[in-house]
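Colleague: The sequence shown runs contiguously to residue 298 in this note's numbering. Beta carbons: idealized from backbone N, C-alpha and C, even for Gly.
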Amino acid sequence: MSASESSPTVSSSRDCADCPGRPVLERIESRVAEIGEGFSIRRALPNRQPRMVGAWCFLDHAGPVDYARGKGLNVGSHPHIGLQTFTWMIEGEILHRDSLGFEQVIRPGQVNLMTAGHGVSHAEDAVNDEPGRMHAAQLWIALPDAERHRAPSFHHYPELPRREDGGFRITVLAGEACGLQSPAQVFSPLVGIDFSANAAASTRIALKPGFEHAAMTLRGSVVIDGETLEPGTLLYLGSGRDSLNLRCDNAAQLLLVGGEPFSEEILLWWNFVARTPEELQIATADWNAGQRFGEVKGSPSARLLAPDIGAIKLRKS
Ligand code: MN
């Protein structure tokens, strides 16, 4: 998916509150943003309270939404640099097409992971014109400096490791948890876990104390160490926790992300993660000139243009 503001502000990780180095419960309200035509999503990160969670730097919660005939997702071809896009499908289907030639439908329970490296472009569209339902989380992972210029790649993970505990189905999307290792290829120490329950459930999950963590409810209501969390709020948990209690009284689903605090400063603007404004300007000029990012074939959606580079505003710190 694509960041779509017409004159986005550059978010600098310098402006992020540092990881407090201890457990906290900090509620960050999502804001509503638009991806594609008529598709509103909840954007938890980046936000007015800028925050990374490990290398996770962008967190969209799309849907659940029922759409009419011909009104499904249509995010036209757009570029990325310096990050990985991580899509977790909950309901419905999305067709991914990219400049590497991959064309991949993602279905519930599956992950699409695209590593942008020095540059890639992709489009995300409904699979057909039929009415349907869509519910997904899309996250971005900042690439560390040593990896951010690598060649782009795309991986589809049709199955992720899972186990049942206390009524929750626990799926390890990224990293290692509950003795299970996700196959997703990531480049810094991080974790992503989905907890899904069809009825009341309760579990206690072991965490790495050196990681910072945050939780986002995808459906229903989940109680996290006594704090009730519903869709629309990101709960930042700090670091220094060796476990976390999760409970729900009815069907619910929760996404937990975490990672080693990301020590490098990053600049996030539009669909790019970089280190300097010049890198953002060059990437923007390259995209608008039709260079560097290849071509996405077959998407019915219009190619997106980068916003005016003159509109780049560095947030004052
Ligand atoms: Mn995208």
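#1: Where does the unbroken beta strand (DSSP E) through asparagine 226 begin, and where does it stop?
#2: Looking only at DSSP bridge pairs, what is glutamate 72 linked to?
#3: Closer than 8 Å by C-beta to asparagine 231: which residues in its own chain qualify, once you throw out the five before and the five after it? Chain order, please.
#4: Cutting at 7 Å between CB atoms, please list the residues of its own chain near leucine 285, excluding the five before and the five after it.
#5: Residue range of the beta strand (DSSP E) that asparagine 93 falls in?
#6: Under 6 Å Cβ to Cβ from leucine 40, same chain only, skipping five residues before and after it: list those, please.
#7: Would you kindly report the start and end of the unbroken beta strand (DSSP E) that includes glutamate 15?
#8: Flag this pair as touching only if the segment 244 to 251 and the segment 205 to 225 have three or more C-beta atom pairs under 8 Å; answer yes or no.
#9: Could you give the DSSP three-state label for threonine 257: helix, strand or coil?
#10: Within this structure, are the beta carbons of valine 254 and cysteine 38 separated by less than 8 Å?
#11: Would you kindly check if the distance between the Cβ of serine 280 and the Cβ of alanine 104 is under 8 Å?
#12: Decide yes or no for the touch test of the segment 259 to 273 against the segment 66 to 75: beta carbon pairs closer than 8 Å, at least 3 of them.
#13: Give me whichever residues DSSP pairs with isoleucine 247 in a beta bridge.
#14: Just how far apart, CA to CA, sit glycine 51 and isoleucine 75?
#15: Candidates Cys159, Ala233, Thr96, His137: which alpha carbon is nearest isoleucine 122's?
#16: Which residue from His137, Asp106, Phe149, Pro212 puts its Cα closest to that of arginine 348?
#17: Under the three-state reduction of DSSP, which class applies to glutamine 166: helix, strand or coil?
#18: Give the range of the beta strand (DSSP E) segment to which valine 204 is assigned.
#19: Please confirm whether any heavy atom of the ligand MN lies closer than 7 Å to the CB of threonine 66.
#20: Could you tell me which residues DSSP pairs with phenylalanine 39 in its beta bridges?
#21: I want to check one thing, is the minimum distance from the CB of methionine -18 to the heavy atoms of the ligand MN below 7 Å?
#22: With distances taken Cα to Cα, identify the nearest neighbour of leucine 227 among Asn93, Asp47, Thr209.
#23: Using C-beta distances below 8 Å, list every residue in its chain close to valine 108, excluding the 5 sequence neighbours before and after it, in chain order.
#24: Which residue or residues does DSSP assign as beta-bridge partners of glutamine 272?
#25: Can you give the Cα-Cα distance for valine 340 and leucine 94, rounded to whole angstroms?
#26: How far does the beta strand (DSSP E) with asparagine 103 in it extend, from its first residue to its last?
#27: Measure the CB-CB distance between phenylalanine 168 and glutamate 128 and report whether it falls below 8 Å.
#28: May I ask you to report which of helix, strand or coil DSSP gives arginine 50?
Modeller: In short, the structure shows the following:
#1: Working through the sequence shown from its first residue, we reach residue 226 at position 245. Here the beta strand (DSSP E) through asparagine 226 covers 224 to 240.
#2: As a working mapping, residue 72 is identified with position 91 in the sequence shown. DSSP output for glutamate 72 lists His116 as bridge partner(s).
#3: What you label residue 231 is simply residue 250 of the sequence shown in a count that begins at 1. Listed in chain order, the non-local C-beta contacts of asparagine 231 below 8 Å within the same chain comprise Ala180, Ala181, Gly201, Ser202, local neighbours out to five positions each way being set aside.
#4: One-based indexing of the sequence shown puts residue 285 at position 304. Ser(-17), Gly57, Ser58, His59.
#5: As a first step, residue 93 must be located in the sequence shown, where it is residue number 112. According to the DSSP assignment, asparagine 93 belongs to the beta strand (DSSP E) that extends over 92 to 96.
#6: On the sequence shown, residue 40 is found 59 positions in, with the first residue counted as 1. So the list reads Ala25, Leu26, Leu120, once near-sequence residues are dropped.
#7: The sequence position of residue 15 within the sequence shown is 34, counting from 1. Its beta strand (DSSP E) spans residues 12 to 16.
#8: Fewer than three pairs of CB atoms, one per stretch, sit closer than 8 Å, so the segment 244 to 251 makes no contact with the segment 205 to 225.
#9: Numbered from its first residue, the sequence shown carries residue 257 at position 276. Shown here, threonine 257 sits in coil according to DSSP, grouped into three states, outside any helix or strand.
#10: Translated into the one-based positions of the sequence shown, residue 254 becomes position 273. Translated into the one-based positions of the sequence shown, residue 38 becomes position 57. Yes; because the gap between Cβ atoms is below 8 Å, this pair is in contact.
#11: The sequence position of residue 104 within the sequence shown is 123, counting from 1. The sequence position of residue 280 within the sequence shown is 299, counting from 1. At the C-beta level, alanine 104 and serine 280 come within 8 Å of one another.
#12: No, the segment 259 to 273 does not touch the segment 66 to 75.
#13: As a position in the sequence shown, residue 247 is number 266, starting the count at 1. For isoleucine 247, which the question treats as bridged, DSSP gives no partner whatsoever.
#14: Counting from one through the sequence shown, the residue named residue 51 turns up at place 70. Counting from one through the sequence shown, the residue named residue 75 turns up at place 94. Spanning the two alpha carbons is a distance of roughly 14 Å.
#15: As a working mapping, residue 122 is identified with position 141 in the sequence shown. Among Cys159, Ala233, Thr96, His137, the Cα nearest to that of isoleucine 122 belongs to Thr96.
#16: The displayed coordinates of the chain run from -18 to 298. Any statement about residue 348 would go beyond what the structure contains.
#17: The residue you call residue 166 lines up with position 185 of the sequence shown. DSSP places glutamine 166 in coil when its eight states are reduced to three.
#18: Here residue 204 refers to the residue found at position 223 of the sequence shown. Where valine 204 is concerned, the enclosing beta strand (DSSP E) stretches over 203 to 205.
#19: Reading the sequence shown from its first residue, position 85 is the one you call residue 66. Checking the Cβ of threonine 66 against the ligand MN gives yes.
#20: Taking the sequence shown and counting its residues from 1, one reaches residue 39 at position 58. Answer by DSSP bridge pairing, in chain order: Trp121.
#21: Against the sequence shown, residue -18 aligns to sequence position 1. Checking the Cβ of methionine -18 against the ligand MN gives yes.
#22: The residue given as residue 227 occupies position 246 in the sequence shown. Distances from the CA of leucine 227 to each of Asn93, Asp47, Thr209 were compared; the closest alpha carbon is that of Thr209.
#23: For the purposes of this step, residue 108 is identified with residue 127 of the sequence shown, where counting begins at 1. Leaving aside the five residues that flank valine 108 on each side, the residues in its chain whose CB is nearer than 8 Å to its CB run, in chain order, Gly53, Glu74, Ile75, Leu76, Val86.
#24: What you label residue 272 is simply residue 291 of the sequence shown in a count that begins at 1. In the DSSP output, where bridge partners are listed per residue, glutamine 272 has none listed.
#25: The structure shown has nothing for residue 340, since the chain only spans -18 to 298.
#26: Position 122 of the sequence shown, counting from 1, holds the residue named residue 103. With the sequence shown as reference, residue 103 is identified as histidine, and asparagine is not the correct amino acid for it. For histidine 103, the enclosing beta strand (DSSP E) has its first and last residue at 101 to 106.
#27: The count along the sequence shown starts at 1 and reaches residue 168 at position 187. The count along the sequence shown starts at 1 and reaches residue 128 at position 147. In this structure, phenylalanine 168 places its C-beta atom within 8 Å of the C-beta atom of glutamate 128.
#28: As a working mapping, residue 50 is identified with position 69 in the sequence shown. Annotated three-state conformation of arginine 50 is coil, per DSSP.
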